[in-house]
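Please read the structure below before turning to the comments.
Numbering (our numbering), first residue to last: 120 to 315.
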């Protein structure tokens, strides 16, 4: 039964070893799918290319259904799954900053590393910007700490926050994905990709 490390099925070193190769495979899939192109990535904001939305919604749904059924079959104990603590204001502000960076730069952190790995100059500059941001945050942590730690809500799960079952949440996300896929298809027909 999973998780594998907690139940001593694999060691921490084996976990890191596997994570290294899974990360390489993930980067390969991103690049093969065209996600190293900032034009493709920002297409979702302008409506002419919604493949990013579809891929990541599909990934989220697959993971949710997998975890739900694995837990029902007793193959994984969800109580061992780590959930990031929720600090409301830092989450909102961080989301706004990342969203603005995504729109302006055309990359999220993962896709920027993928594109930088194949030598795209804009992505390399983006990655440098990420490290500058990390440096500023780290060095200024005493200044940001009160805001960063504000409005602690615990290790929050969406279904417990809304007092619904995990299965109901999965069904709602699938419904939301279907609606977003339909909107994406409509947008792609309405908005044409710019010619460069």
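Each residue gets a CB set at the ideal place from its N, CA and C atoms; glycine is no exception.
For the 7 Å CB-CB criterion, residue 130 and residue 225 do not form a contact. Here the alpha carbon of residue 180 sits roughly 32 Å from the alpha carbon of residue 266. Secondary-structure assignment with DSSP links residue 206 through a beta bridge to 271. By the neighbour-count criterion, in which a residue is buried when 16 or more other Cβ atoms sit within 10 angstroms of its Cβ, residue 188 is exposed. Following the DSSP letters along the chain, one finds residue 146 inside the alpha helix (DSSP H) bounded by residues 131-151.
The Cβ neighbour count for residue 284, taken over all protein chains shown within 10 Å, is under 16; the residue is labelled exposed. Here the alpha carbon of residue 257 sits roughly 14 Å from the alpha carbon of residue 248. Taking a contact as a CB-CB distance under 8 Å, the pair residue 300 and residue 204 does not count as one, their CB atoms being some 32 Å apart. Counted as a single uninterrupted DSSP element, the stretch harbouring residue 312 is not any alpha helix (DSSP H), since DSSP gives it neither H nor E.
Residue 157: member of the alpha helix (DSSP H) spanning 157-165, first to last residue.
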